[in-house]
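Data block below; observations after.
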Ligand code: PAF
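Numbering (our numbering), first residue to last: 64 to 345.
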């Protein structure tokens, strides 16, 4: 029986509500988000609803994972819209705490995430993954879910969360979910709504370049593919690659030879003031 969704903002009420569900032997699914929900989040929530007795969606723009204060300020916030979607998708709880509620005291913990955090997003955004580890460990220990759902668009984050869960010995299954894309191929992201019309028009080029590299990768190897992807994305002068990396799906270390099923392509692109990431399996 579907109960109506509860929106709560304190850890104490969240604990109480979860304890009541646990009494009834319900399995618990958690979908951690920073809000500004889109079809990618909807896919995570739908899957969580299908696989668990009770589903909690957290909606919290975590300040400790932003290394750029302007990025934090610009990050879209639309809680009442999010609440409507979460309810329509059949999740049970929307947890939307304040910063003070989530961090009554500054979080000084430093996690050992190396070498996963030494490349790509970790190299370009110092402290970002430590902030992700801080909030994800808080949410996981607060909710103690059976399953937690993470999108593969943030593939590096996914591996880091899996590593974190092992380190902390948390009894949670991390469920990776495939990237959801707009019709034109652009990976769904809360940041897409911040794109200028020109950048939005050009942005599908990111995925086209990654996909298009498949043949070059097998015929000419990684360096040729890297150069081709970089040129394809930057052609037109609207998008600017920050990195293009072909790395191992297992440990994110850059690869010099293409291995089918293991090599993945990763890019970060500056599109005006907006930073976009995407990846591709080959
Ligand atoms: O992927 C995100 O939206 C965030 O990094 C997460 C996992 C919700 C932590 O704030």
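Built from N, CA and C at the ideal position, the CB exists for glycine as well.
Subject >> Identity of the residue in 129, 199, 324, 279 nearest residue 313 by Cα >> reply: Residue 313 sits at position 250 when you count from the first residue of the chain shown. Residue nearest to residue 313 within the set 129, 199, 324, 279 is 324 (criterion: CA-CA distance).
**OP:** Could you have a look at residue 274 and say whether DSSP puts it in helix, strand or coil?
**Re:** Mapped onto the chain shown, residue 274 falls at position 211. Judged by DSSP in its simplified three-state form, residue 274 adopts helix.
Original post:
So what does DSSP say about residue 182, is it helix, strand or coil?
Top reply: In the chain shown, the residue the question calls residue 182 occupies position 119. Three-state DSSP puts residue 182 in coil, outside helix and strand.
Subject >> Coil, strand or helix - residue 192 by DSSP >> reply: Mapped onto the chain shown, residue 192 falls at position 129. Helix, per DSSP.
**OP:** Step through the CB atoms of chain D and report whether any lies within less than 8 angstroms of the CB of residue 167.
**Re:** The displayed structure is made up of one protein chain only, and chain D is not part of it.
Subject >> 4-residue-minimum alpha helix (DSSP H) runs that sit fully inside the region 97-175, ordered along the chain >> reply: 102-114, 132-137, 142-151, 162-165
Subject >> Supposed contact pair residue 198 and residue 125 - C-beta distance, whole angstroms, cut 8 angstroms >> reply: Looking up residue 125 in the chain shown gives position 62. Looking up residue 198 in the chain shown gives position 135. That belief holds up - the Cβ atoms of residue 125 and residue 198 are roughly 4 angstroms apart, short of 8 angstroms.
Subject >> Which residues DSSP lists as bridging residue 302, in chain order >> reply: As a first step, residue 302 is located in the chain shown; it is residue number 239 there, counting from the start. DSSP lists 334 as partners of residue 302.
**OP:** Figure out for me which residue from 345, 133, 93 has the closest Cα to the Cα of residue 320.
**Re:** For the purposes of this step, residue 320 is taken as the residue at position 257 of the chain shown. For residue 320, the nearest C-alpha among the options comes from 345.
Original post:
Where do the ends of the beta strand (DSSP E) carrying residue 218 lie?
Top reply: Position 155 of the chain shown, counting from 1, holds the residue named residue 218. For residue 218, there is no enclosing beta strand (DSSP E); the enclosing alpha helix (DSSP H) has its first and last residue at 218-230.
Original post:
Taking buried to mean at least 16 other C-beta atoms within 10 Å of its own C-beta, is residue 64 buried or exposed?
Top reply: Sequence index remark: in the chain shown, residue 64 carries index 1 (1-based). Its pLDDT being 49, under 50, residue 64 is placed unreliably in this model, and the coordinates cannot settle the point.
Original post:
Contact check, residue 346 vs residue 196 under 8 angstroms by CB: the rounded distance?
Top reply: No answer is possible for residue 346: the residues shown for the chain start at 64 and end at 345.
**OP:** Please state whether DSSP places residue 74 in a helix, a strand or coil.
**Re:** Taking the chain shown and counting its residues from 1, the one referred to as residue 74 is at position 11. The answer is helix: DSSP assigns residue 74 an H, G or I state.
Original post:
So does residue 239 have its beta carbon nearer than 7 angstroms to some heavy atom of the ligand PAF?
Top reply: Taking the chain shown and counting its residues from 1, one reaches residue 239 at position 176. No, the Cβ of residue 239 stays beyond 7 angstroms of every heavy atom of the ligand PAF.
Original post:
Once you ignore the five residues that flank residue 239 on each side, which residues in its own chain have a CB closer than 7 angstroms to its CB?
Top reply: Taking the chain shown and counting its residues from 1, one reaches residue 239 at position 176. Answer for residue 239: 213, 215, 221, listed in chain order.
Original post:
Between the beta-carbon of residue 98 and the beta-carbon of residue 141, is there less than 8 angstroms?
Top reply: What you label residue 98 is simply residue 35 of the chain shown in a count that begins at 1. What you label residue 141 is simply residue 78 of the chain shown in a count that begins at 1. In contact: residue 98 and residue 141 (Cβ atoms closer than 8 angstroms).
Subject >> Beta-carbon spacing of residue 280, residue 183 below 8 angstroms >> reply: In the chain shown, the residue the question calls residue 280 occupies position 217. In the chain shown, the residue the question calls residue 183 occupies position 120. Not in contact: residue 280 and residue 183 (Cβ atoms no closer than 8 angstroms).
Original post:
Taking C-alpha atoms, which residue in 138, 121, 244 lies nearest to residue 211?
Top reply: Against the chain shown, residue 211 aligns to sequence position 148. Considering only alpha carbons, the answer is 121.
**OP:** Give a single yes or no on whether residue 95 has its beta carbon closer than 7 angstroms to a heavy atom of the ligand PAF.
**Re:** What you label residue 95 is simply residue 32 of the chain shown in a count that begins at 1. At least one heavy atom of the ligand PAF is nearer than 7 angstroms to the Cβ of residue 95, so yes.
Subject >> Rounded straight-line distance, which links the Cα of residue 251 to that of residue 245 >> reply: Position 182 of the chain shown, counted from the start, is the residue given in the question as residue 245. Position 188 of the chain shown, counted from the start, is the residue given in the question as residue 251. If I take the Cα positions, the gap works out to 6 angstroms.
Subject >> Candidates 330, 177, 302, 263, of which the one nearest residue 274 by Cα >> reply: Position 211 of the chain shown, counted from the first residue, corresponds to residue 274. Residue 330 is the option with its Cα nearest to residue 274.
Subject >> Local conformation of residue 64 per DSSP, three classes >> reply: As a working note, residue 64 is residue 1 in the chain shown. Caution is warranted here: a pLDDT of 49 is assigned to residue 64, below 50, making its placement in the model unreliable, and no coordinate value can be reported.
Original post:
Whose C-beta lies closer than 8 angstroms to the C-beta of residue 67 among residues of the same chain, with five residues either side of it excluded?
Top reply: Counting from 1 along the chain shown, the entry for residue 67 is found at position 4. Within the same chain, residue 67 has close Cβ partners 150.
**OP:** Tell me whether residue 96 is buried or exposed, calling it buried when 16 or more other Cβ atoms sit within 10 Å of its Cβ.
**Re:** The sequence position of residue 96 within the chain shown is 33, counting from 1. With 16 or more other Cβ atoms within 10 Å, it is buried.
**OP:** Tell me, to the nearest whole angstrom, how far the beta carbon of residue 295 is from that of residue 254; I am working on the premise that it is less than 8 angstroms.
**Re:** Taking the first residue of the chain shown as position 1, residue 295 is located at position 232. Taking the first residue of the chain shown as position 1, residue 254 is located at position 191. That belief does not hold up - the Cβ atoms of residue 295 and residue 254 are roughly 21 angstroms apart, past 8 angstroms.
**OP:** Compare the C-alpha of residue 100 against each of 72, 175, 159, 90 and name the closest.
**Re:** Indexing the chain shown from 1 puts residue 100 at position 37. With distances taken between Cα atoms, residue 100 lies closest to 159.
Original post:
Straight-line CA distance for residue 168 to residue 284?
Top reply: By 1-based counting over the chain shown, the position of residue 168 is 105. By 1-based counting over the chain shown, the position of residue 284 is 221. Straight-line Cα distance between these residues: approximately 50 angstroms.
Subject >> Identity of the residue in 187, 88, 104 nearest residue 148 by Cα >> reply: The residue given as residue 148 occupies position 85 in the chain shown. Out of 187, 88, 104, 104 has the C-alpha closest to the C-alpha of residue 148.
Original post:
Relative to the alpha-carbon of residue 262, which residue among 339, 242, 203, 138 has its alpha-carbon at the smallest distance?
Top reply: As a first step, residue 262 must be located in the chain shown, where it is residue number 199. Of the residues 339, 242, 203, 138, the one whose Cα lies closest to the Cα of residue 262 is 339.
Subject >> Assigned exposure category for residue 310 - 16 Cβ within 10 Å defines buried >> reply: Translated into the one-based positions of the chain shown, residue 310 becomes position 247. Classification of residue 310: buried, given that the 10 Å Cβ count is 16 or more.
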